[in-house]
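Below is one structure, written out as structure tokens; comments come after it.
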Amino acid sequence: TLAGADRLVDNAGLRRIVARVPDARLVEIPGAYHEILQETDAIQATFWQELDDLAARVAA
21 TLAGADRLVD
31 NAGLRRIVAR
41 VPDARLVEIP
51 GAYHEILQET
61 DAIQATFWQE
71 LDDLAARVAA
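Counting from 21, one number per residue, gives the positions in the sequence shown under the working numbering.
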């Protein structure tokens, strides 16, 4: 998960890394900062839904 407004992580670098990993999927949450779990309810809900989706894909 990419926090779209993150100022601590090099998002461009993260995109380059993910592009090199087979079957990787990068989800950007626009407006989110580094501490996604301290964000608005809407941003947190997006994060948790993406995590649930990942768990379902891994379990399948």
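All C-beta atoms in this analysis are idealised placements derived from N, C-alpha and C, irrespective of residue type, glycine included.
(1) Following the continuous alpha helix (DSSP H) through I63, name the residue where it begins and the one where it ends.
(2) In the DSSP assignment, find the unbroken alpha helix (DSSP H) run with P34 in it and report its ends.
(3) Is it the case that the CB of L28 approaches a heavy atom of the ligand SAM more closely than 6 Å?
(4) Rounded to whole angstroms, how far is the Cβ of I37 from the Cβ of A52, which I believe are closer than 8 Å?
(5) Would you please state the rounded distance, in angstroms, between the beta carbons of L22 and L46? I believe it to be under 8 Å.
Per the coordinate set shown:
(1) 61-79
(2) Reading off the sequence, residue 34 comes out as Leu, not Pro. Here the alpha helix (DSSP H) through L34 covers 31-39.
(3) The ligand content of the structure shown is nil, which means the ligand SAM is not present either.
(4) Between I37 and A52 a beta carbon distance of about 19 Å is seen, past the 8 Å cut, so the two are scored as non-contacting.
(5) 6 Å
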